[in-house]
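Input: a single structure, listed below in structure tokens.
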Amino acid sequence: MQIGIPTETQAGETRVAATPETVKKFVAMGCKVVVQAGAGVASSCIDSAYEAAGASIAATAADALGNADMVLKVVAPTADETALIKQGATVLAAFAPHQNPHFDAYAAKGLTCVAMELIPRITRAQSSDILSSQANVAGYKAVLMAANEYAGLFPMMMTAAGTIKPARTVVLGVGVAGLQAIATAKRLGAVVEASDLRPAAREQVESLGGRWLDVPMSEEEAAKALSTGGYAWQPSPEYIRDQAAVVDKAVSNANIVITTAQIPGRKAPTLVKAETVAKMKPGSIIVDMAVSTGGNVEGSQLDQTVVTDNGVRIVGIGNIPALVATEASALYARNMLNFLAPMHNKDTSEIVLNREDDMVKPTLIVDAGTVNYQKPN
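If you count by my numbering, then the sequence shown holds residues 11 to 387, one letter each, in order.
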């Protein structure tokens, strides 16, 4: 079985889908691995390291993809890339299926497309969960980006010239990225507050040393939120109003704000209104981690830093993991390996997708040229 690893072509994408570490393990399984020259350079994975791991180096994408039975990518293949892929091959990548325009090209090539971001959130799938691994590094990097933009300091400092107060940081959305952002900001010495629709997140926030932005709710709402885990909970208009007031007060007094809330297949919810930004102190920093899906902050712009009239800087980088490509690639590549390794047949040295597996089935957006994925309305 031949596995192809091409160089990513999307602008700004510095990650790679396989590292020398994972290539070595695929080779040990009996697979032939072909890596396009320079595919891992931006991730600190040089060609000679791939060769030492047992891979062959191909001069072009066509050479890497043309005979590959399986293709590993970070970003879904474009129409031009798809034209280079072998008929009937299996492609694993982050396909962003709700906005991907290339399904007809995949079907025409008879591809089997595995959307890694659709791996279900079940216990045995955790080691293959690309969303969690990439959110972790993004949450860390977002705080460092904010610290770099901020003209002040994060920790409290007591000097002969006076005391410097710690930066007040607010994190909105306490998933994987939000928790990592809280932990990183605390390590840098900031005072951190956080908010999320899930009441269960309070314990996680407080365990990291953050303060929970509490929004009073009725017993009925509390029971509803707890029973659904918060993800499917539809809060009342009164709760939404009260939460907005709490967030407005906290953000208005913050030096640093990190927003992380995204809904797969839908526009990101607006968490910070323009009128709230207008109340913030000059020099305050907002990092909108949801900018690529519409943004949590009114006024944020994709891949731009917007400076408001009152001197607030809104940072909107769409692909934060690509800024820490070495570790992001290492984690992503391990996710790929962990997903495929259980389906390796030692007798034939083949990796065969188990289409009935609960972890595999939801990811098959295209199966041997048949489009399975239905875009949400």
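Backbone N, C-alpha and C fix where the C-beta goes; we use that ideal spot for every residue, glycine too.
Asked	Found
Can a CB atom of chain C be found closer than 8 Å to the CB of Ala-148?	Going by chain labels, chain C is absent from the structure shown, which holds only one protein chain.
Decide if His-108 is buried, meaning its Cβ has at least 16 other Cβ atoms within 10 Å, or exposed.	exposed
For Leu-82, write down the residues that DSSP places opposite it in a beta bridge.	Leu-102
Would you report the Cα separation of Lys-96 and Glu-248, rounded to the nearest angstrom?	55 Å
Determine the extent of the beta strand (DSSP E) in which Met-227 is found, giving its start and end residues.	Element bounds for Met-227: n/a, residue is neither H nor E.
Suppose you measure from the CA of Tyr-383 to the CA of Val-376; what does that come to, to the nearest Å?	7 Å
What does His-354 pair with, by DSSP beta-bridge criteria?	Ile-361
Among residues of its own chain, excluding the 5 on either side of Gly-240, which ones have a beta-carbon nearer than 8 Å to its beta-carbon?	The predicted model places Gly-240 with a pLDDT of 49, which falls under 50 and marks its position as unreliable; any figure quoted below should be read in that light. Cβ neighbours of Gly-240 beyond the five flanking positions: Asp-206, Leu-207, Arg-208, Pro-209, Ala-210 and Ala-211.
Write down the C-beta distance between Tyr-342 and Ala-89 rounded to the nearest angstrom, noting that I regard them as a contact closer than 8 Å.	Wrong, their Cβ atoms sit about 23 Å apart, outside the cutoff.
Kindly indicate the opening and closing residues of the alpha helix (DSSP H) around Ile-250.	247 to 262
Exposed or buried, what is Asn-329 when buried is set at 16 or more other beta-carbons lying within 10 Å of its beta-carbon?	buried
Relative to the C-alpha of Arg-197, which residue among Val-153, Gly-321, Asp-357 and Ser-339 is closest?	Val-153
Would you identify the three-state DSSP class for Gly-234, choosing helix, strand or coil?	Here residue 234 turns out to be Lys, not Gly, going by the sequence shown. Helix.
Roughly how many angstroms lie between the CA atoms of Lys-175 and Cys-41, to the nearest whole one?	57 Å
Pull up the DSSP beta-bridge partners for Arg-323, would you.	Ile-295 and Val-317
Please tell me whether Val-180 and Val-267 are closer than 8 Å, where the distance is taken between their beta carbons.	yes
What residue range is occupied by the uninterrupted beta strand (DSSP E) comprising Glu-203?	201 to 205
Could you name the residues of the same chain whose beta carbon sits closer than 7 Å to that of Ser-246, not counting the 5 residues immediately before and after it, in chain order?	Glu-231
Would you call the region 283 to 303 in contact with the region 319 to 328, where contact means no fewer than 3 C-beta pairs closer than 8 Å?	yes
Can you name the start and end residues of the beta strand (DSSP E) that Ser-137 belongs to?	From DSSP, Ser-137 is part of no beta strand (DSSP E); its letter is neither H nor E.
Tell me the rounded alpha-carbon separation between Val-39 and Ile-361.	The sequence shown places Met at residue 39, not Val. When rounded, the distance between both Cα atoms is 9 Å.
In whole angstroms, what separates the C-alpha of Ala-125 from that of Pro-386?	16 Å
Counting Cβ pairs, one atom from each stretch, are 3 or more of them under 8 Å apart for the region 16 to 30 and the region 62 to 73?	yes
For Ser-310, count neighbouring C-beta atoms within 10 Å of its own C-beta (all shown protein chains included) and say buried if the count is 16 or more, exposed if not.	buried
Of the choices Cys-123, Lys-277 and Pro-292, whose alpha-carbon is the least far from that of Val-307?	Lys-277
Of all the options Met-353, Ala-69, Asn-364 and Thr-270, which has the alpha carbon lying nearest to the alpha carbon of Gly-326?	Thr-270
When you compare only the Cα positions, how much space is there between Gly-183 and Lys-34?	38 Å
I'd like the ranges of any beta strand (DSSP E) spanning at least 3 consecutive residues and lying wholly in the region 150 to 224.	167 to 169, 172 to 174, 178 to 182 and 201 to 205
Would the beta-carbon of Ser-334 fall within 8 Å of that of Lys-119?	Reading off the sequence shown, one finds Val at residue 334, where the question assumed Ser. For Val-334 and Lys-119, no; Cβs fall outside 8 Å.
Out of curiosity, what's the CA-to-CA distance linking Gly-162 and Gly-305?	25 Å
Which complete alpha helix (DSSP H) runs does the region 48 to 92 hold, if anything under 4 residues is left out?	57 to 62 and 71 to 75
Taking the straight line between their C-alpha atoms, what separation do you get for Lys-283 and Met-299?	16 Å
Secondary structure at Lys-385, three-state DSSP: helix, strand or coil?	coil
Please go through the same chain and pick out, in chain order, the residues whose beta-carbon is closer than 7 Å to the beta-carbon of Phe-113, but skip the five residues on each side of it.	Val-376 and Val-381
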